[in-house]
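A short worksheet on the structure shown next.
Number of protein chains: 2
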Amino acid sequence: MLPGSGGETRVGQIVALVRGRIERRVLLPGARLPSVRAMAETTGFSKSTVVEAYDRLAAEGVIRARPGSGFFVAAPLAPLAVADVEQAPRRDIDPVWMLRRSIEDLPGAIRAGSGTLPTDWLAGEAMRKAMRAAARGNTLPSADVSVLGYGPMRALLSRRMLEQGVEASPDQILLTESGTHSLDLVCRFLLQPGDTVLLDDPCFFNFLALLRAHRARVVAVPMTPQGPDLAAFAEVVAREKPRLYITNSAVHNPTGATLSATHAHRVLKIAEAADMLIVEDDIFCDFEHVTASRYAAFDGLDRVIRIGSFSKTATNALRCGHVALRADWVESLADLRLVTTYVGNPLGAELLAAMVTDGSYRHHMDMVRNRLARAMARVVRRLGDLGLEPWTVPACGMSLWVPLPGGLDASVLAGEALEEGIVLAPGAVFSPRGGWNDHVRLNVTQCDDPRFYAFLARMCAS
Amino acid sequence: MLPGSGGETRVGQIVALVRGRIERRVLLPGARLPSVRAMAETTGFSKSTVVEAYDRLAAEGVIRARPGSGFFVAAPLAPLAVADVEQAPRRDIDPVWMLRRSIEDLPGAIRAGSGTLPTDWLAGEAMRKAMRAAARGNTLPSADVSVLGYGPMRALLSRRMLEQGVEASPDQILLTESGTHSLDLVCRFLLQPGDTVLLDDPCFFNFLALLRAHRARVVAVPMTPQGPDLAAFAEVVAREKPRLYITNSAVHNPTGATLSATHAHRVLKIAEAADMLIVEDDIFCDFEHVTASRYAAFDGLDRVIRIGSFSKTATNALRCGHVALRADWVESLADLRLVTTYVGNPLGAELLAAMVTDGSYRHHMDMVRNRLARAMARVVRRLGDLGLEPWTVPACGMSLWVPLPGGLDASVLAGEALEEGIVLAPGAVFSPRGGWNDHVRLNVTQCDDPRFYAFLARMCAS
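Residue numbers (full-length UniProt numbering), protein chains in the order written: chain A, 1 to 462; chain B, 1 to 462.
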């Protein structure tokens, strides 16, 4: 059949009508589409036909549904609406939705799926102390110092990385706005639209959202408690020739897995043979009791780019991400940061440097690690009482990756939990292939409310 | 002639050799090329042949020269090395070079071409006061509040914009890391590679650098002291169909020109007819004695996106940029910011909000405006004594756009000035077409050193 009002289906006609309006810019990006009822009246078709057409347009990423407020033309580049993963995004597994949920202030909510420490676990007093000291001084932190960012902070980071076996001189370290910003800069620097990037399955959900914004093609490798599945890793690298592999290694998000030395060595050998780069997001490193293997330590920052931040450990109020990479790339990355965000956050860098130098950050982390270890043991025990056993018992950190009892769908469970004021992180949001939906990520520091276990008990019993 | 070692020129052979190595990834991005001498020895060609080949590769953006350290393979995407303007970039007119120079700490240098106020003009005491108050409190600023950024700051910005006639509700305002970051986000949101963007000639040099990073095509319209040349504007918009026009309107950088109401109205009419968006970078607004016309005020944020920041007026230590735009775009832009940099800088936003609320920012700006007016009058008079007359006498701000006496090349002048510890901003760095090189931008707050006028006097006399 030829397209046109005669030959095209009714649904197709409405799809073509909306597409045409967008193309002629009658409907601008962000504009609200006519309501289903209005469109039905205008076109003379039934409401169900309009709904089907809108659904098709939404599935194609042309428009976006916002529950309760209707349909909207997707943003011009639609960087977040157009998923380049194997499955079309669903709201309940949309990483941007999860990211927003992790920020929204939900008074009284039990944030069992959160990715951050509770506010009262953060380094509030250390930060206030550093602020008082800075306020007493008569020099202002200034952006006009170094293109790479506050020098003393880079010197501290260089020494701290050495404790993890990572050799990076201060001149190989660029300060950024956050860990996320570091990763974004690296992707901008290294990726072209359509490039293939390898992720763990599961992985931190923002990797998925960020790679959509870069219009990269995502392929995935299954995780094991020691690192990526090596046979699958070798196979997918050979077949897909990814440009980058992005991972949390020593403290994996969401599983809490720890990279083994064997895995680190083998993955690096495969990466080397395929000339693939590795971006190691190491923002949880200060949670470790014992230093695990790291790609950056094994490789010496040759094909590994190492990202860090204090947001997860000290406070997310002082934005100071950083990235350590090959000496001959750092200036180009600094240029890119300069042109796209100007300099980093000088006050944040100075306050954090003061907190590291005066020992208050170290003291804070000692306390946090102890509290984390106790919370981890407590939550694992409480889950065990319900017959739930984590996928692996993490060596450190706050994340616990928990399989649900047979048949329970984590997205459905998360919806039910939300009605009781409990925010869960369903497994599929962490999965490049939309899998793992029989798992949830729990934050052991946010699970102590008895209502949470009561909810879980009911779910396990039903 | 066919390409190949027989038919190709010697220069062409070296070019092909280097290109091949880069394509086969023997030479990785950022890698240093063999020295001219080493390449001459390897190939058996003369050093001048190698130099010519390297120059050609540099002109094509494949490699980059770093004076004193040799030639390097351009970054993978080479976002900053590949200029899409009418002329190939030259080091002396490279905006990234200028941007770096504006940050480098050059002890004792006279920063007559700087784009910022001297450190002792900034709001140091107000910032310290706000820090003391924040350190006394027992709540930490937190990123976990709102996806758009610290609400009280957005409410303050909404009220302050209204004083300029710009109606933007707090929900139309997104906080970012900086003015530059705002512009980068907007470009990411609206531009595809190859899209055409209209700039003023001259314009803020970072617009050029940023648009290179976005691989946009730049077209330019000549400035007049009342805004863009209207006939040229209409003509270039009709011919080139730009997607965006990016400008500083009320306080133009580098010329200090003030947009007239006539120009604002006419430009908006042309933009509307062509369905072109306008990004108004209004980071200098608090320098104004009298509120000038603004695109955002005339248009009501329909096709105008308004960018602001406190970095130029209060301090660049507290990074808090913002962008005001159509209500139906703000959530998508917030998503993009969330995914690419997570949240803004909560501490910076809270401290700046405190400075605005307690009146110390207003007091600071009253003082700065008075000092600026005196400095402007003083520098205009001192230049007049040398027979130099600015292109226009700005109504406010720190920038003065000064034509040089006949025959003087601003890039050459800047090179000579640098040898005497004087940093100048040559005109061509502000020009999308590499023009205006008989002008310099002066910062009236950084010109008081007698050595600067002595230098100018010698230049004018020679």
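Quick reminder that beta carbons are idealized off the backbone N, C-alpha and C, glycines included.
Q) When you compare only the Cα positions, how much space is there between Gln226 (chain A) and Leu259 (chain A)? A) 5 Å
**Q.** Which of helix, strand or coil DSSP assigns to Pro403 (chain B)
**A.** strand
Q: Just tell me which of B:Leu230, B:His263, B:Ser309 and B:Leu156 has its CA closest to the CA of Ser169 (chain B).
A: B:Leu156
Q | Closer than 8 Å at the beta carbon, the chain B residues around Asp229 (chain A) | A | Near Asp229 (chain A) there are no residues of chain B at all, since even the closest Cβ is about 27 Å away, more than 8 Å.
**Q.** Supposed contact pair Asp195 (chain B) and Met223 (chain B) - C-beta distance, whole angstroms, cut 8 Å
**A.** Contact doesn't hold; Cβ gap of about 22 Å is too wide.
Q: Note down, in chain order, each residue of its chain lying with its Cβ closer than 7 Å to the Cβ of Ala234 (chain B), except the 5 sequence neighbours on either side.
A: Ile270
Q | Beta-carbon proximity list for Val85 (chain A), same chain, < 6 Å, skipping 5 on both sides | A | Confidence is the limiting factor: at Val85 (chain A) the pLDDT is only 31, short of 50, which leaves the residue's position unreliable, though a coordinate-based value still follows. Same-chain partners within the cutoff: Val218 and Pro432.
Q) Of all Cβ atoms in chain B, is any one closer than 8 Å to the Cβ of Thr445 (chain A)? A) no
Q) Measuring CB to CB, does Ser249 (chain B) end up less than 8 Å from Ile283 (chain B)? A) no
Q | Any C-beta of chain B under 8 Å from that of Met131 (chain A) | A | yes
Q. What are the uninterrupted segments assigned as beta strand (DSSP E) that are 3 or more residues long and contained completely in the stretch 266–307 of chain A, given in chain order?
A. 277–281
Q) So which residues on chain A does Leu210 (chain B) lean against when the C-beta distance must stay under 9 Å? A) Val339 and Thr340
**Q.** Val11 (chain A) to Asn316 (chain B) span [Cα, whole Å]
**A.** 54 Å
Q: Might you give, ordered along the chain, the residues of its own chain that have their beta carbon closer than 6 Å to the beta carbon of Pro405 (chain A), omitting 5 neighbours on each side?
A: Cys460
Q.
Are the CB atoms of Val50 (chain B) and Ile14 (chain B) within a distance shorter than 8 Å?
A. yes
Q) Are His289 (chain A) and Ala395 (chain A) touching if we call contact CB-CB under 8 Å? A) yes
Q) Within the 8 Å Cβ cut-off, does Glu177 (chain A) reach chain B? A) yes
Q) With 8 Å set as the bound, which would you pick, yes or no: does the beta-carbon of Arg382 (chain A) sit closer than that to a beta-carbon of chain B? A) no
Q.
One question on the structure: do Leu174 (chain A) and Val18 (chain A) come within less than 8 Å of each other, judged by their Cβ atoms?
A. no
Q) If Ile305 (chain B) sits next to Leu325 (chain B), beta carbons under 8 Å apart, how far is it from one beta carbon to the other, in whole angstroms? A) 4 Å
(Q) Please state the DSSP three-state secondary structure of Phe71 (chain A). (A) strand
Q: Tell me, please, whether the CB atom of Val429 (chain B) is closer than 8 Å to any CB atom in chain A?
A: no
Q: Tell whether a beta-carbon distance below 8 Å holds between Leu208 (chain A) and Leu183 (chain A).
A: no
Q | First through last residue of the beta strand (DSSP E) which encompasses Met223 (chain B) | A | Arg217 to Thr224
Q) Assuming Leu190 (chain B) and Leu106 (chain B) make a contact with CB atoms under 8 Å, what is their CB distance in whole Å? A) Not a contact, Cβ separation roughly 37 Å.
Q: Using three-state DSSP, classify Ala155 (chain A) as helix, strand or coil.
A: helix
**Q.** Cβ contact (3+ pairs, closer than 8 Å) linking the stretch 356–369 of chain A and the stretch 337–344 of chain A
**A.** no
Q: Could you tell me which residues DSSP pairs with His322 (chain B) in its beta bridges?
A: B:Leu175 and B:Gly308
Q: Say whether the stretch 152–167 of chain A touches the stretch 122–129 of chain A, bearing in mind that this needs 3 or more beta-carbon pairs closer than 8 Å, one atom from each stretch.
A: no
Q) In three-state DSSP terms, what is Tyr150 (chain A)? A) coil
Q | chain A contact for Thr313 (chain B) (CB, 8 Å cutoff) | A | no
Q | Neighbouring residues, chain B, relative to Pro202 (chain A) (Cβ below 7 Å) | A | Residues of chain B passing the Cβ test: none, with the nearest at roughly 18 Å.
Q.
Would Gly348 (chain A) and Leu347 (chain B) be called neighbours here (beta carbons separated by less than 8 Å)?
A. yes
Q.
Which same chain residues end up closer than 6 Å to Glu205 (chain B) when comparing Cβ atoms and leaving out the 5 residues on each side of it in sequence?
A. In the sequence as displayed, the identity of residue 205 (chain B) is Phe instead of Glu. The answer, listed in chain order, is Pro95, Met98, Val429 and Phe430.
**Q.** Arg111 (chain A), buried or exposed, once every other Cβ within 10 Å from all chains shown has been counted against 16
**A.** buried
Q. What span of residues does the beta strand (DSSP E) with Ala65 (chain A) cover, start to end?
A. Ile63 to Arg66
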